[in-house]
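Report on the structure given below.
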Amino acid sequence: MATTQAVGRAATGRRERTGLWWDAWGRLRKNKLALVGLVGVVILMFAAIFGPMLAPYPYQDQDLQAIANNGFRPLPIGSPGHILGTDQLGRDMLSRLLDGARISMSVALVVQFVVLFIGLPIGAAAGWFAGRVDTFLMRFTDVIYAFPDLLFLILLSVTLRDTPLGQAYDGLLLVFVAIGLTSWVTVARLVRGQMLSLKETEFVEAAKAIGVSDRSIISRHLLPNGSGPVIVAITLGIPGAILAEATLAYIGIGVQPPRASWGSLIADGQKYIRSDPHLVLLPAICIAVALVSFTFLGDGLRDALDPKLKGKQ
Amino acid sequence: MKRYLVRRVLWIIPVLVAVSLITFFLMHAVPGGPWDQEKKLSPEVIARLNQIYGLDQPVYMQYLNWIGGILQGNLGPSYVFKDRTVNDIIAGGIPVTIQLGIQAFILAVLVGLPLGIVAALGHNRWPDYVATGLSVVWIATPSFVLAIILIIVFSVDLKWFPVAGWEGPQTWVLPTIALAAFPIAVIARYTRASMLEVTRKDYVRTAQSKGITGRAVVYRHMIRNALIPVVTIMGPILAFLVTGSFIVEHVFAVPGVGRYYLSAITTRDYPLLMATTLIYAFAVAVLNLVVDILYAYIDPRIRYS
């Protein structure tokens, strides 16, 4: 079958599909680590979207009967009805971990959306207009860059906790926005650099020469051509965002009980680590899988989109 | 170079002003104040307290007063720790935080560099897999998770080190390791990549073809050139050590500067909060400057203007 197809293709002279994205996909497919990362990301996304349907219980439901029978201690892994056990209040760990996946994946997506929303226009404006606008915007990003980000996150999250923004989506929306506000600088600088180099290319000069408007040059030529490195930066920024949310949750900032992210599960389980290490280990494993998956996928994307950079950081 | 230096040093000032402005007005823009307690104070007492601490003035005046104090080296009174000034608290915490940071940095370089070099020299053999595997594990483990694991294994089970505190070398070990883990992973990763890059360079091949022994090539030609790009990541790493110390101090109850930050926000201890924020911002700005200068010093091809 395969041979006849190949012969057929050769006979009709049809070319293999090519193009930046198709080539990149070809290289990505050969990268084992990147595929591992991709599989991890797909599984996590699946858990985040369908988690509440798959979860055996709502994440806040307490199985008081089971806890009482166990002398008011957390149920271990493999208990009947609770595959991954329960916490000290009898809440099913699998259900809580699945809800945590939903939180971590929303962090991954929403934060990077905020990052793009702020970083893209600022970087594009700085690179395109150059001169004073550039100086002003880049000095502004320097200030944001100099702000120790964890401190800024805590400051924003604590001071705005009682506002409507701080209450939205179980306290998580504020955390998303805060993390986004501290992490757009890298993308802004990257976009600016891309703009500056692409602006000098011949196809942009040609477009200018035939009177194409600035707006269409930016949207038709600059953004598509500069998108590769930005996609890589966005992907590699995701582990940082997930880690930031988990760290905040661990020190008790962000998600409000009874909801729990992986970070707050670790903080809660810490007290029981001697007798019930699974309360800490399970969320820690989940965080590890998320961080590693996105890092591998990001590294793979970078190598795939720009083979010249392979092996470099 | 001199002009560049002066400009960079002066640039720290507007950065610090901006950071302090953002912090100050964010703190004052939201409801609540330092005198909110479980037991409500009478309005007269609050008015009197506000008068004593200058909180009855408009916010911009309070900011100017605060700036005036800073210029005289006075960080102000602490609203919560009433028997100590912010200067005292900060002076007590800074040596601890700096010591922790330096120890972690030295550990990270001493472990990360050799790990990366060994991994590159044994490319695609077991040292490479071990080093890469280790750095993946470290990237996957947040510092607070590592801290918990370290405490369980080395304090609770093996009883080698105390669980928390900062009273002598025994108590320094675990916080230093917890803080150094991520930098070790990053340094090892970059060193490995940089070494592999250098291996392909013409001057290395020339040296080898001239019959120079393997070891001399590695030391004289490869490592020295491979270290140049590694210096660039020292900036982010030092910045990580500054803010990362915050979490490690939290977990191990280390009496550094970071310990006061969280409590200062929740209790609205404005002067203490401003002082800690400013110190962290200053540290990050200065360290970035030092790394840039170091980079130019190590690589003569770089000229700042």
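Note that the protein sequences, when read in sequence, are chains A and B. Here the first sequence is numbered in our numbering, starting from 1 and rising by one per residue. Here the second sequence is numbered in our numbering, starting from 1001 and rising by one per residue. From the three backbone atoms N, C-alpha and C, an ideal C-beta is built for every residue, glycine too.
Residue i to residue j span [Cα, whole Å]
i: A:Trp128; j: A:Ala188; result: 12 Å
i: B:His1221; j: A:Asp299; result: 28 Å
i: A:Val289; j: A:Gly40; result: 7 Å
i: B:Gly1258; j: A:Leu165; result: 27 Å
i: A:Thr135; j: A:Leu84; result: 55 Å
i: B:Lys1159; j: B:Gln1103; result: 22 Å
i: B:Gln1057; j: B:Ser1078; result: 18 Å
i: A:Gly269; j: B:Val1137; result: 21 Å
i: B:Asp1202; j: B:Trp1126; result: 27 Å
i: B:Phe1299; j: B:Leu1071; result: The sequence shown places Asp at residue 1299 of chain B, rather than the Phe named in the question. Spanning the two alpha carbons is a distance of roughly 37 Å.
i: A:Thr247; j: B:Phe1252; result: 15 Å
i: A:Thr4; j: A:Ala260; result: In this predicted model, A:Thr4 has a pLDDT of only 46, less than 50, meaning its place in the structure is not dependable enough to derive any value.
i: B:Leu1179; j: B:Gln1099; result: 12 Å
i: A:Lys312; j: B:Pro1229; result: Reliability fails at A:Lys312, whose pLDDT of 41 lies under 50, so the model's placement of it is uncertain and no value is given.
i: A:Asp162; j: B:Ser1263; result: 17 Å
i: B:Ala1029; j: B:Leu1055; result: 14 Å
i: B:Val1017; j: B:Gly1068; result: 13 Å
i: B:Pro1043; j: B:Pro1034; result: 14 Å
i: B:Glu1249; j: A:Phe113; result: 32 Å
i: A:Leu120; j: A:Ile179; result: 16 Å
Close beta carbons around residue i, own chain, < 6 Å, minus the five adjacent residues each side
i: A:Val185; result: Thr141, Ile144, Tyr145
i: A:Ala48; result: Ala101, Arg102, Met105
i: A:Arg27; result: Ala304
i: A:Phe294; result: Ile238, Pro239
i: B:Leu1238; result: Leu1287
i: B:Arg1008; result: Leu1289
i: A:Tyr59; result: Ser95, Arg96, Asp99
Contacts that residue i makes with chain B (C-beta to C-beta distance below 8 Å)
i: A:Asp142; result: Trp1011, Val1015
i: A:Ile118; result: What A:Ile118 touches in chain B: nothing, since even the nearest Cβ is about 16 Å away.
i: A:Leu243; result: Pro1142
i: A:Ile273; result: Ile1148, Ile1152
Residues near residue i in its chain [Cβ-Cβ closer than 8 Å; skip 5 each side]
i: A:Leu89; result: Gln62, Ile67
i: A:Ala267; result: Ala249, Tyr250, Ile251, Gly252
i: B:Ile1233; result: Val1186, Ile1187, Tyr1190
i: A:Gly13; result: For A:Gly13, the predicted model reports a pLDDT of 49, less than 50, meaning its position is unreliable and no value from the coordinates is stated.
i: A:Gly226; result: Val191, Gln194, Met195, Leu198
i: A:Leu301; result: Ala24, Leu28, Ala34, Ile231, Val232, Thr235
Beta-carbon proximity check, residue i vs residue j, cutoff 8 Å
i: B:Leu1196; j: B:Ala1120; result: yes
i: B:Val1363; j: B:Ala1188; result: This structure leaves residue 1363 of chain B out entirely; chain B is present only between 1001 and 1305.
i: B:Tyr1280; j: A:Leu151; result: yes
i: B:Ile1090; j: B:Leu1110; result: no
i: B:Val1118; j: B:Val1254; result: no
i: A:Gln241; j: A:Ala108; result: Reading the sequence as shown, one finds Ala at residue 241 of chain A and not Gln. Cβ distance < 8 Å, so A:Ala241 and A:Ala108 count as in contact.
i: A:Thr159; j: B:Met1027; result: yes
i: A:Asp92; j: A:Tyr57; result: yes
i: B:Phe1144; j: B:Ile1247; result: yes
i: B:Gln1023; j: A:Asp149; result: Rather than Gln, the amino acid found at residue 1023 of chain B in this sequence is Thr. No. Outside cutoff.
Contact set for residue i: own chain, Cβ-Cβ below 7 Å, skip 5 residues either direction
i: A:Gln256; result: Asp170, Gly171
i: A:Leu190; result: Gly123, Pro229, Val230, Ala233
i: B:Phe1154; result: Trp1160, Phe1161, Leu1174
i: A:Arg9; result: Confidence in A:Arg9 is poor, its pLDDT being 46 and thus under 50, which makes the residue's placement too unreliable to answer from.
i: B:Val1113; result: What sits at residue 1113 of chain B in the sequence shown is Leu, not Val. So the qualifying residues of the chain are Ile1187, Thr1191.
i: A:Ala284; result: Ile266
i: A:Met45; result: Met105
i: B:Thr1282; result: The identity of residue 1282 of chain B in the sequence shown is Phe, whereas the question assumes Thr. Here the set comprises Leu1016.
Chain A contact residues for residue i, given Cβ-Cβ distances below 8 Å
i: B:Tyr1261; result: Leu151, Ile154
i: B:Pro1034; result: Ordered by position in chain A, no residue passes the 8 Å Cβ test against B:Pro1034, which lies about 13 Å from the chain.
i: B:His1250; result: Ile251
Contacts that residue i makes with chain B (C-beta to C-beta distance below 7 Å)
i: A:Tyr250; result: Phe1144
i: A:Val280; result: Ile1148
i: A:Ala284; result: Val1145
i: A:Ser288; result: The sequence shown places Ala at residue 288 of chain A, not Ser. Those within 7 Å of A:Ala288 in chain B are Ala1140, Thr1141.
Where residue i meets chain B, residues with beta-carbon distance less than 9 Å
i: A:Leu291; result: Ile1139, Ala1140, Thr1141, Pro1142
i: A:Pro148; result: Val1019, Ala1239, Val1242, Thr1243, Phe1246, Thr1277, Tyr1280, Ala1281, Ala1283, Val1284
i: A:Ile266; result: Pro1142, Phe1144, Val1145, Ile1148
i: A:Ile43; result: Result: empty, since nearest Cβ-Cβ is about 16 Å, beyond 9 Å.
i: A:Thr295; result: Val1136, Ile1139, Ala1140
i: A:Thr247; result: Pro1142, Ser1143, Phe1144, Ile1247
Interface residues of chain A facing residue i [CB-CB closer than 7 Å]
i: B:Thr1267; result: Chain A residues near B:Thr1267: none, gap ~11 Å exceeds 7 Å.
i: B:Met1027; result: Thr159
i: B:Val1136; result: Val292
i: B:Thr1023; result: Leu155
Where residue i meets chain A, residues with beta-carbon distance less than 9 Å
i: B:Ile1098; result: The contacting residues do not exist; B:Ile1098 stays about 15 Å from chain A at best.
(Q) Quick check: the segment 1075-1088 of chain B against the segment 1258-1277 of chain B, are at least 3 beta-carbon pairs closer than 8 Å? (A) yes
Q | Contact the segment 1264-1271 of chain B vs the segment 1200-1213 of chain B: 3+ CB pairs below 8 Å | A | no
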